[in-house]
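In this note's numbering, the protein residues as written are 294 to 605. Where is the CB? At the ideal position from N, CA and C, for every residue including glycine. Remember, predicted model here, so these are calculated numbers, not experimental data. Data block below; observations after.
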Amino acid sequence: MPDFHHISVLPEEVLGLLEPKTGGVYVDGTLGGAGHAGLILTASSPEGRLIGFDRDAEAIAVARERLSQFGDRVSIFQRNFSSIAATLAEIGVDAIDGFVLDLGVSSHQLDKDERGFSFQTDAPLDMRMDRSSGPSAADLVNTLPEGELNRIIAEYGEERWAKRIASFIVKAREENPIETTLQLVDIIKGAIPKAKWEERLHPATRTFQGLRIAVNEELKSLEDGLADLLRLLKKGGRGAVISFHSLEDRIVKEAFRGASAGCTCPKELPICICSRTPQYRLLSKKAIKAGDEELKANPRSRSARLRGIEKI
């Protein structure tokens, strides 16, 4: 089995939101190390079913091994969670009792140098969650127009130095292709004046985030997959989503608020004429964050935000 290190964040909180029941059908759209999936299967014993998805071939192999004890209660697919609806239709599932999404890059992907997600060690500039298809981060930085690089770094990375970084990337690639993580790190460090480096944030953090999101089309996948999962929930079914940066959390928050909204009439109307009633309810008013004990055990949980919703 591949060496796959990943600590699931907010495990008890996820279970508390989902309240798995025996006989229920659950979807884990981001299997990773199968931590949440194992908890859901245990809590829904003896008849609960879990359908799991991940784009990462190594994660799929690990999940199959770790969940093998649950036998045919588990179905696993190496696919993007944006294809969940189509996949469930293929296997004859038209409604689910719950779902969980643990978004972003896993500890394993960050820690494994050759995946190219980390700016701490030198490695091929890849960043693909599914290494069998699609352009890599190296492909993007070496071929995209300067304006598009600027947009990706600014919009997805929320980097205020995006325009300057994009300009430095284009100048650098005219001399030599940008093929490794540390090549790109050096370019970014050169683009951002040292006096403007943030004390607790590596200067490459935001650019790497922006490229990773673009390479994996993460935000579009989240919007499409989340809409399908909400639609597939049975009455009383629940969903839980963990996000790790503001762009993801904003999409989740807006999707959940929109789904749980009642009347949509303009405020100036004296009475409601749309007759819309809420179809979902939020399980917490604010995002749930990791407690002190979890933060000590797993510092990467610091940026985690958990939101839950129920179909009513």
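With 16 or more other CB atoms across the displayed protein chains lying within 10 angstroms of its CB, Thr-323 is buried. Assigned with DSSP and collapsed to three states, Gly-440 falls in helix. In the same chain as Asp-517, and ignoring 5 residues on each side of it, the C-beta atoms closer than 8 Å to its own belong to Ser-375, in chain order. In this structure, DSSP gives Glu-452 a state outside helix and strand, which the three-state scheme calls coil. A straight-line Cα-Cα distance of about 22 Å links Ala-327 and Arg-505. The three-state reading of DSSP puts Ile-384 in coil, since its state is none of H, G, I, E or B. Residue nearest to Leu-519 within the set Ala-548, Lys-527, Gly-385, Thr-335 is Ala-548 (criterion: CA-CA distance). Beyond the five residues adjoining it in sequence on each side, Arg-366 comes within less than 7 Å, by CB distance, of Leu-334, Gly-341, Arg-342, Leu-343 in the same chain, given in chain order. Residues Gly-555, Cys-556, Thr-557 of the same chain have their beta carbon placed closer than 7 Å to that of Arg-569, with the five preceding and five following residues left out of the count. DSSP places Pro-304 within a helical segment (H, G or I) once states are collapsed to three. Here the alpha carbon of Ile-602 sits roughly 30 Å from the alpha carbon of Pro-563. Taking a C-beta distance under 8 Å as the contact criterion, Ile-481 and Leu-418 do not qualify as a contact pair. Annotation note: the segment 471-545 contains the following uninterrupted alpha helix (DSSP H) runs of length 4 or greater, listed N- to C-terminal: 474-484, 498-509, 511-525.
The alpha carbon of Phe-346 has as its nearest neighbour, out of Ser-301, Val-386, Leu-394, the alpha carbon of Leu-394. Under the DSSP assignment, Asp-585 falls in the alpha helix (DSSP H) whose first and last residues are 585-590. The C-beta separation of Leu-442 from Ile-462 comes to about 6 Å, placing the pair in contact by the 8 Å criterion.
Restricting attention to Pro-313, Ile-544, Lys-604, the CA atom closest to the CA of Pro-571 is found in Lys-604. The Cβ atoms of Ala-583 and Leu-303 sit closer than 8 Å to each other. Taking C-beta atoms as the reference points, Ile-377 and Leu-526 fail to come closer than 8 Å. Leu-599 carries a strand assignment under DSSP once its states are collapsed to helix, strand and coil. Bounds of the alpha helix (DSSP H) holding Leu-334 are 328-336.
By the neighbour-count criterion, in which 16 or more other beta carbons inside 10 Å mark a residue as buried, Ile-581 falls on the buried side.
In this chain, Arg-348 is not harboured by any beta strand (DSSP E), its DSSP state being neither H nor E.
For Ile-581, no beta strand (DSSP E) segment is defined, and its DSSP state is neither H nor E.
Bounds of the beta strand (DSSP E) holding Gly-391 are 389-395. Looking only at Ala-330, Pro-559, Glu-492, Ser-337, the smallest Cα-Cα distance to Val-355 is reached by Ala-330. The Cβ-Cβ distance between Gly-503 and Glu-452 falls below 8 Å. Distance from the CA of Glu-439 to the CA of Ser-539, rounded to the nearest whole angstrom, comes to 25 Å. The C-alpha of Pro-559 is placed about 45 Å away from the C-alpha of Asp-423. Between Gly-391 and Pro-313, the gap from beta carbon to beta carbon is short of 8 Å. Annotation: the continuous beta strand (DSSP E) that includes Ile-369 extends over 367-370.
Across the set Arg-598, Leu-522, Glu-561, Leu-599, the C-alpha of Leu-522 shows the shortest separation from the C-alpha of Tyr-573. A Cβ-Cβ separation of about 7 Å places Ile-384 in contact with Ser-368 under the 8 Å criterion.
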